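Taking it in order: structure first as structure tokens, then the write-up.
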Amino acid sequence: MKPLRLAPALIGLLALTAAHAAVPQHWVPGWTSSPIGYEPDIRDGLGRPFKDETVRQEVRAGIAGTTIRIRFTNELSDVPLRIGAASILRLDEAGKPVPGSLRPLTFSGARDVRVPTHAPLLSDPIAYPVKAGERLAVSVHFPDEAAPPAHAQMVDVAAGDATGALDLPSPRRARASGIVSAVDVVSPAASRVLVAFGDSITEGAGATPGKAMSWPDQLGRMLAASPRGRCWAVANQGISGNRLLSEGRGPNALSRFDRDVLSVPGATHVVILEGINDIGKVKDPAKDWQAPADKLIAAYEQLLARAHARGLKVIFGTLLPYEGAGYASPDGEQRRETLNRWLRANAKRFDGLIDFDAAMQEPGQPTVMRLAEQIGDHLHPNDAGYTTMAKTALPVVLAQGCR
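In the working numbering, the protein residues as written are 1198 to 1600.
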């Protein structure tokens, strides 16, 4: 038998196809939401677990891309999670579904999939170009009874499998678990990925709902508007109520750092702004979570070492003023000031320092958050306060360059 001979043109085509297939796609985060675990208030807000229902969760692309994939979370559950079907569609500025934009999502080609315990699951990539700031919605059908531990947010719930419907039939609005924990995009322009890691002040508590006004969201838009900042993608991994050393809302920072920072696709930098919840005054001694300043500094050292070991550059943020907050105390203020002094004194060991504390002080009252830039609880900024934080972070991030 004569050996098979291929035409030179076909050989060239096969070589080109193989070379293209060997080039890895450059995934970066387009949107993120850290899993926080089971919360009875979420289940009570819905009134019961999901069962043979479709849950539609809105997300917003923070950066333009050509291809997307969705990350679903079952990482904090002790039982498998079945997804009967899932889909994605675009929303217009009014939040209405865009005709012709509905696409099914698959998992190794299948529509129905079981997510193992303590695991995430990525959908198959699809060519689905998105623009920065574009609103999207992911619909998930839960055929079995499920109370997935994820991140509480406002979702729309409809009976049966409505993943193929542009408009959900008779949806119910509820605050419940959204198992979409990330939207990854292929974005050729993004060579730098900044992960904002922190608590409610990073997540954006107090900002206008649905307007993407957290400081990481606003920073992402400022970077995109700067000729020197268009190489950046920003991932918001803030959890309201989160703490460095003890269990609060969501796993403690030391335990979730690998999942929420080191595993973010393309991560190159991290901003760490966490600790205010560790120094707050405790009303119930049985729930004492307060940690001395030296223990919190040791936690910062751990995060710094772990990030540098993986090649990430580390930027710390000083803790914002909080006098007048519900859990403020003179002892807590001393610890806050001790932590901020340590951060400033050790700035040369970091890759950057953002002095949020100095930027957010009320003039003449350095221990009080700017009165005009907070929501009235003396702990959380309002939209204007988050703008100030983003403007304060911008030069520090731009100084990191794009190479």
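Think of the CB as a built atom: it goes at the ideal place given N, C-alpha and C, for glycine as much as any other residue. All values derive from a computational prediction rather than experimental measurement.
Distances from the alpha-carbon of Arg1418 to those of Ser1443, Ala1596, Ala1590 and Asp1364 put Ala1590 closest. DSSP places Thr1303 in the coil class of the three-state scheme, outside both helix and strand.
Bridge partners of Arg1253 according to DSSP: Ser1336 and Asp1353. Counting only residues of its own chain and dropping the five nearest sequence neighbours on each side, Ala1334 has a CB closer than 6 Å to the CB of Arg1253, Glu1255, Leu1286 and Leu1288. Val1565 and Leu1391 have their alpha carbons spaced roughly 29 Å apart.
Rounded to whole angstroms, the gap between the alpha carbons of Pro1368 and Lys1293 is 13 Å.
Counting along the chain, Leu1318 sits inside no alpha helix (DSSP H); it lies in the beta strand (DSSP E) bounded by residues Ala1316 to Leu1319. Ser1305 and Leu1319 have their C-alpha atoms roughly 9 Å apart. About 5 Å separates the beta carbon of Arg1279 from that of Arg1311, a gap short enough to meet the 8 Å contact definition. The beta carbon of Leu1501 is closer than 6 Å to those of Val1511 in its chain, skipping five residues each way along the sequence. Leaving aside the five residues that flank Ser1437 on each side, the residues in its chain whose CB is nearer than 7 Å to its CB run, in chain order, Asp1396, Ser1397, Glu1400, Ala1402 and Arg1446. Exclusion of the five residues before and after Glu1520 leaves Glu1530, Thr1564, Val1565 and His1575 as the residues of its chain whose Cβ lies within less than 7 Å of its Cβ. Between Ala1432 and Ala1490, the gap from beta carbon to beta carbon reaches 8 Å or more. When DSSP states are grouped into helix, strand and coil, Gln1531 belongs to the helix group. If you check the CB distance, Asp1580 and Ala1422 do not come in under 8 Å. Non-local C-beta neighbours of Arg1425 in its own chain, meaning closer than 6 Å and more than five positions away in sequence, comprise Leu1595, ordered along the chain.
Here Gln1571 is buried: its Cβ has 16 or more other Cβ atoms, across all protein chains shown, within 10 Å. When the beta-carbon positions are compared, Asp1381 and Pro1226 come within less than 8 Å of each other. Comparing C-alpha distances from Ile1376 to each of Gly1582, Ala1347 and Arg1370 shows the shortest one belongs to Ala1347.
Beta-bridge annotation (DSSP): Ala1387 is not paired with any residue. Sixteen is the threshold: when 16 or more other Cβ atoms of the shown chains lie within 10 Å of the Cβ of Ser1411, as they do, the residue is buried. Per DSSP, the continuous alpha helix (DSSP H) segment holding Thr1399 begins and ends at Ser1397 to Glu1400.
Looking only at His1315, Val1383, Leu1416 and Asn1537, the smallest Cα-Cα distance to Tyr1583 is reached by Leu1416. When rounded, the separation of the alpha-carbon atoms in Pro1296 and Asp1309 is 25 Å. Excluding residues up to 5 positions away in sequence, Ile1512 and Val1593 lie with their Cβ nearer than 6 Å to the Cβ of Gly1549 in the same chain. If you ignore the 5 residues before and after Val1276, its C-beta comes within less than 7 Å of the C-beta of Thr1314, all in its own chain and listed in chain order.
In the displayed model, Ile1260 falls within coil according to three-state DSSP, outside both helix and strand. Closest in alpha carbon position to Ser1336, among Ala1343, Ala1359 and Pro1345, is Ala1359. Within the same chain, Ala1556, Met1557 and Glu1570 come within 7 Å of Thr1585 by CB-CB distance, once the 5 residues on both sides are set aside. For Arg1532 and Gly1598, the gap between their C-alpha atoms comes out near 34 Å. Setting aside the 5 residues that flank it on each side, His1505 is surrounded in the same chain by Val1511, each with a C-beta closer than 8 Å to its C-beta; the list follows chain order. Taken through DSSP and simplified to helix, strand or coil, Asn1579 comes out as coil. Taking Arg1567 as the centre and dropping the five residues before and after it, the same chain places the C-beta of Met1557 and Glu1559 closer than 6 Å to its C-beta, in chain order. In chain order, Trp1539 place their CB closer than 6 Å to the CB of Ile1494, counting only its own chain and leaving out the 5 sequence neighbours on each side. Judged by DSSP in its simplified three-state form, Ala1359 adopts coil rather than helix or strand.
Annotation for Gly1514: no alpha helix (DSSP H) segment contains it, though the beta strand (DSSP E) segment containing it runs Lys1510 to Gly1514.
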